[in-house]
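Presented below is the structure to which this report refers.
Residue numbers (the numbering used here), protein chains in the order written: chain A, 12 to 265; chain B, 45 to 247.
Next comes the structure, spelled out in structure tokens:
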């Protein structure tokens with residue numbers, strides 16, 4: 012199946028936050044009690060009950076003032092750090108469409124995904140199980156649009172064939188964020204500015220220590236263990252043990 | 045006159061075997077977090093959550109016993125001399141059959157190295173284990189680094205344990221007696237730890 016993805020066109024976003032509300036409605040998530048911090052941005056970060064939110068990026072003064080809106084969510088990585096570190100096969104997984112879904116029944120509450128994610132997205136709910144945006148994988152599997160996309164009044168949020176969305180964004184002169192990073196993000200941004208303007212990493216990647224842990228130490232470790240066992244066995248049958256009565260005619264290995 | 049000479053006190057032996065049991069509990073409860081292949085090992089503990097709990101309890105037992113065992117022998121294991129250099133140069137005589145043994149103290153150079161390594165690895169595993177006890181409690185970069193180092197010292201310890209178990213059992217017949225019931229044969233002591241043997245016999 013062709014990979015599906017979100018394309019989030021920041022220039023079209025009016026920060027109505029309909030996406031936040033539609034997500035809560037479809038995923039049956041309660042509201043978070045919050046306080047007024049002098050910004051329309053609310054809550055200040057993703058929570059176990061908030062799978063996507065609008066970040067308000069306010070920079071400059073007077074005439075130089077800029078207001079940028081960024082829909083924050085799980086970016087559905089092709090090479091997903093959360094899946095890489097998850098010890099329980101199938102607790103986090105790629106759907107047929109390429110979304111990063113999860114199965115709370117298989118989650119073992121280890122919190123590894125929280126640390127494996129390049130974007131600090133996964134949260135744990137009151138039952139100590141993983142939660143995050145799964146791209147409404149249930150709706151998508153049944154041919155529907157994700158709830159946030161359906162609710163978006165300006166088509167800032169789009170969902171569909173990944174290649175077509177990229178081609179369309181490029182045709183209209185937009186800079187696409189996440190086309191190739193992490194084997195391609197499944198939620199990309201068509202940015203109205205540079206990644207830094209949106210507080211996004213220029214080249215997002217799996218954390219270096221996570222890469223070393225899972226792709227270097229783990230395979231070498233398994234090899235090292237069996238190598239040590241093999242070396243011990245080989246030593247025993249060639250040179251042999253240091254017997255207390257050591258009157259041998261040969262020098263071993265013969 | 046007895047054919048045996050005392051090598052390890054009851055304290056040494058009990059601490060060592062509590063440590064050994066804790067080690068294997070740690071290995072089997074931790075492997076499920078290390079690779080998908082071993083996820084089934086959690087079944088020994090009643091499930092992943094219980095396995096992680098067992099790992100934490102065994103971790104504390106291991107940390108305490110490992111530090112105790114190191115301190116109990118630190119005087120012998122932290123001191124290296126010229127004979128130890130010769131021992132390392134000859135790979136402990138393990139590369140050929142029936143060679144002449146290099147005179148060694150209570151512990152040979154390899155054992156001393158393993159004792160020091162065990163202590164360092166225990167501290168490293170303890171510190172990183174403390175950081176990842178609750179993987180969301182501390183800063184992400186520190187937690188990620190700790191997860192990596194915990195895995196690194198685990199595999200180093202596994203390789204060390206394989207060598208340790210081989211050399212302390214079938215690789216050197218008679219060695220395990222010392223840790224099992226405290227005494228080793230005099231012929232063993234003369235061969236493997238001649239300097240220590242002279243000390244205890246008082247020659």
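Backbone N, C-alpha and C fix where the C-beta goes; we use that ideal spot for every residue, glycine too.
Please classify residue i: is it buried, with 16 or more other beta-carbons within 10 angstroms of its beta-carbon, or exposed?
i                      : result
residue 210 of chain A : exposed
residue 165 of chain A : exposed
residue 199 of chain B : buried
residue 265 of chain A : Because the pLDDT at residue 265 of chain A is just 49, under 50, the model does not fix this residue reliably, and the value given afterwards should be weighed accordingly. Exposed, since its Cβ has fewer than 16 Cβ neighbours within 10 Å.
residue 245 of chain A : exposed
residue 80 of chain B  : exposed
residue 151 of chain A : buried
residue 219 of chain B : buried
residue 183 of chain A : exposed
residue 48 of chain A  : exposed
residue 181 of chain A : exposed
residue 91 of chain A  : buried
residue 104 of chain B : exposed
residue 96 of chain A  : buried
residue 44 of chain A  : exposed
residue 100 of chain A : exposed
residue 69 of chain B  : buried
residue 232 of chain B : buried
residue 73 of chain A  : exposed
residue 245 of chain B : exposed
residue 58 of chain B  : exposed
residue 247 of chain A : exposed
residue 154 of chain A : exposed
residue 83 of chain A  : buried
Helix, strand or coil, according to DSSP, for residue i in the structure here?
i                      : result
residue 265 of chain A : Residue placement at residue 265 of chain A is flagged as unreliable, the pLDDT there being 49, under the threshold of 50; the coordinate-derived value follows with that caveat. Coil, per DSSP.
residue 203 of chain A : coil
residue 50 of chain B  : strand
residue 210 of chain B : helix
residue 53 of chain A  : coil
residue 78 of chain B  : helix
residue 161 of chain B : helix
residue 116 of chain B : helix
residue 103 of chain A : strand
residue 77 of chain A  : strand
residue 196 of chain A : strand
residue 27 of chain A  : coil
residue 44 of chain A  : coil
residue 18 of chain A  : strand
residue 171 of chain A : strand
residue 176 of chain B : coil
So, under 8 angstroms CB-CB, residue i and residue j are touching, yes? Tell me the CB distance rounded to an integer number of Å.
i                      : j                      : result
residue 25 of chain A  : residue 81 of chain A  : That pair is no contact at about 13 angstroms.
residue 239 of chain B : residue 170 of chain B : Contact flag wrong, Cβ pair sits at about 33 angstroms.
residue 235 of chain B : residue 145 of chain B : 6 angstroms
residue 79 of chain A  : residue 226 of chain A : Rounded, the Cβ-Cβ distance is 35 angstroms, inconsistent with contact.
residue 23 of chain A  : residue 220 of chain A : Actually they are not in contact, since the Cβ atoms of residue 23 of chain A and residue 220 of chain A sit about 38 angstroms apart, beyond 8 angstroms.
residue 197 of chain B : residue 168 of chain B : 5 angstroms
residue 59 of chain A  : residue 142 of chain A : 5 angstroms
Mind checking whether residue i and residue j have CB atoms under 8 angstroms apart?
i                      : j                      : result
residue 94 of chain A  : residue 192 of chain B : no
residue 250 of chain A : residue 138 of chain B : yes
residue 53 of chain A  : residue 188 of chain B : no
residue 118 of chain B : residue 132 of chain B : no
residue 198 of chain A : residue 13 of chain A  : no
residue 66 of chain B  : residue 102 of chain B : yes
residue 250 of chain B : residue 86 of chain B  : Residue coverage of chain B in this structure runs from 45 to 247, which leaves residue 250 of chain B outside it and unanswerable.
residue 42 of chain A  : residue 206 of chain B : no
residue 98 of chain A  : residue 121 of chain A : yes
residue 146 of chain A : residue 157 of chain A : yes
residue 142 of chain B : residue 252 of chain A : no
residue 156 of chain B : residue 213 of chain B : no
residue 224 of chain A : residue 136 of chain B : no
residue 103 of chain A : residue 217 of chain B : no
residue 51 of chain A  : residue 179 of chain B : no
residue 269 of chain A : residue 169 of chain A : No answer is possible for residue 269 of chain A: the residues shown for chain A start at 12 and end at 265.
Report yes if the C-beta of residue i is less than 7 angstroms from at least one heavy atom of the ligand MN; otherwise report no.
i                      : result
residue 241 of chain A : Summarising the ligand content, the structure contains no ligands, and the ligand MN is consequently not present.
Taking contact to mean 3 or more Cβ pairs, one atom from each stretch, closer than 8 angstroms, check whether the segment 106-113 of chain A and the segment 87-98 of chain A are in contact. yes
Using 8 angstroms as the Cβ pair cut-off and three pairs as the minimum, do the segment 85-94 of chain B and the segment 117-132 of chain B touch? Counting Cβ pairs under 8 angstroms, fewer than three are found: no touch.
For the pair the segment 226-242 of chain A and the segment 123-136 of chain A, tell me if three or more CB-CB distances fall below 8 angstroms. no
With a cut-off of 8 angstroms, do at least 3 Cβ pairs link the segment 108-120 of chain B to the segment 152-171 of chain B? When Cβ pairs closer than 8 angstroms are counted between the two stretches, the segment 108-120 of chain B is seen to touch the segment 152-171 of chain B, the count reaching three or more.
Any contact between the segment 46-66 of chain A and the segment 27-38 of chain A? By contact I mean 3 or more CB pairs, one from each, below 8 angstroms. yes
Kindly confirm or deny that the segment 150-164 of chain A and the segment 172-191 of chain A touch, where touching means at least three C-beta pairs closer than 8 angstroms. No, they do not touch.
Any contact of the segment 45-52 of chain B with the segment 221-230 of chain B, i.e. 3+ C-beta pairs under 8 angstroms? yes
Segment contact flag, the segment 191-205 of chain A with the segment 214-229 of chain A, C-beta cutoff 8 angstroms, min 3 pairs: Taking a contact to require three or more Cβ pairs closer than 8 angstroms, the segment 191-205 of chain A and the segment 214-229 of chain A qualify as touching.
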